[in-house]
Amino acid sequence: MKKYDLYINGDWIESTAGEKFETKNPATGETLATFPKGTKKDVVKAIDAAERAFPQWKKYPAPKRGDILLKAASIARKKKEEFGEIVTKEMGKILAEGRGDVQEAIDFLEYISGEGRRLFGETTPSELSNKFCMTIRQPIGVVGCITPWNFPAAIPCWKLGAALISGNSVVFKPATLTPLCAAKLVEIFEEAGLPPGVLNFITGSGSVVGREIVENHRVKAVSFTGGVPTGVDIYGKASKSLKPVHLELGGKNPQIIMDDANIDLAIEGVLFGAFGSAGQRCTATSRLVIHKDVYDKATKKLLERTKALRIGDPLDPEVDMGPVASVDQEKKILEYIEIGKKEGAKLLCGGKKLNGKRYDKGFFIEPTIFEAEHGMRITKEEIFGPVLAVIKTSGYADSVRIANDVEYGLSSSIYTKDVSTAFRAIQDLEVGITYVNAPTIGAEVHLPFGGIKNTGNGGREAGTTAIDEFTEMKTVFIDYSGRLQKVQIEK
Ligand code: UN1
């Protein structure tokens, strides 16, 4: 079993306190590696290193920063199999999805490396003669990236890639459930030739490491993906130093099936959306909103297909769904299943923790489907597990009303053959992402990712917007008239 250290100023070093925690395989209970429990002092050291590295990195030509990210992408590509397996072992998603997570990291690094040759500002005419106006993008400084466990390769790369190409230096704190994937990424960036101090990696708890990153005045921006209460807490704490915070929080994503939909396709979609990664995605389908005229047909097919899903060790290529990521996840999901039963939702399938030889050492929960009334807690609150609430509706307006009547606004989907219904839904659904005839998951890296309402605070990561959260816009006026020109006064 490997013992990892912190990565500060280009060196792997021990934590000041020497305490450790273990990262484990959620399918087998096997310990994969140990990591330091970082302290406030460790974070301060990382910030010192990042601050020292920043002036050089800022001056490093952006296309060359891009070359390093492209190299990181190509190293990750070579290690895709091995890295995908680590994602599966540490987080619990099936191997195909582990590889997909790594592929998304590679895709994003390749995409964002090209931004080194863009980082576009604007030029615009001046209202005065012999004067030139433009905007340029500049890095912010030392930034903090705090990342979740559900996409332990892709989401850190969304943040690190965008922060680094923009010229920032970084303090990176991964989720405590997936430090190994994060360490693998750091090794990749190291091998790609990132100068010392530009990327610093501190493992440990949110309440110690995360808190210092957020509260320290020398960290100039923070990007966080995780739950709403933590996001709100971070936003509050960061406001004291007026630092910009990018938040990517939860979802309660609906898939609507209209009466004219291709039902087989829609059921295929919901299986992938609801039970892929055991439902542990911000974009997971957690509500299936079905038109009454096709309700019986669709739910019958859904149940048949769900009952045939094979649950087990995610390294086994025959398996469709692995464990949930931790004992805490398991507990929370099982509690929600009890809540669903108590509030009168009808359990259509699943609902139990799996027991027996293959399951006893892991956190396996059956794919679970409830027939629910809109308004029940299981139709409103994020569960982050393989639990789907099916809701019958009277038609388009009712479906959209229900889809929108939650606190979240991340992803959504509608299955219909009618182009007018599809376009109406694109306008009407109150979310950041809408899919037509495709599940609520499956975002591509070159498009903006994020949501409205309690899903975030307005920003979008990935895509063309990725660099907005990591750059400052500077406005520049150049007067070459040789005299004092008085704007607004000389009119
Ligand atoms: C998340 O849901 O937590 O769209 C991120 C998807 C992935 C990213 C999801 N590309 O499902």
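Each residue of the sequence shown is one higher than the one before, starting from 984 at the first, in the working numbering. C-beta atoms are modelled at their ideal positions from N, C-alpha and C, and glycine is treated no differently.
Pairing GLY1433 with GLY1442 gives a Cβ-Cβ distance under 8 Å. Counting only beta-carbon distances shorter than 6 Å to the non-hydrogen atoms of the ligand UN1, the qualifying residues in chain order are GLU1087, ASN1133, PHE1134, ARG1264, CYS1265, THR1266, ILE1424, GLY1425, ALA1426.
The beta carbon of LYS1024 is closer than 7 Å to those of THR999 in its chain, skipping five residues each way along the sequence. With contacts defined as CB atoms closer than 8 Å, GLN1238 and GLY1214 fail to qualify as a contacting pair.
Separation of VAL1373 and GLU1413 (C-alpha to C-alpha, rounded to the nearest whole angstrom) is 19 Å. Contact between THR1399 and ALA1244 holds, since their C-beta atoms are separated by about 5 Å, short of 8 Å.
In the three-state reduction of the DSSP assignment, TYR1342 falls in the coil class, being assigned neither a helical nor a strand state. Between PHE1367 and LEU1330, the gap from beta carbon to beta carbon reaches 8 Å or more.
Counting of Cβ neighbours within 10 angstroms places ASP1296 among the buried residues, the total reaching 16 or more. Beyond the five residues adjoining it in sequence on each side, LYS1223 comes within less than 8 Å, by CB distance, of GLU1198 in the same chain, given in chain order. With at least 16 other beta carbons inside 10 angstroms of its own, LEU1052 counts as buried.
For CYS1128, the uninterrupted beta strand (DSSP E) segment begins and ends at 1125-1129.
Under the three-state reduction of DSSP, GLU1321 is assigned to helix. By the CB criterion at 8 Å, ARG1048 and GLY1150 fall inside the cutoff. Between LYS1114 and ASP1462, the C-beta spacing is below 8 Å.
Runs of the beta strand (DSSP E) lying entirely within the region 1193-1265 and spanning at least 3 residues, in chain order: 1204-1208, 1228-1231, 1236-1240. For ALA1059, the enclosing alpha helix (DSSP H) starts and ends at 1045-1061. If you keep only unbroken beta strand (DSSP E) runs of at least 3 residues inside the region 1124-1180, you get 1125-1129, 1152-1156.
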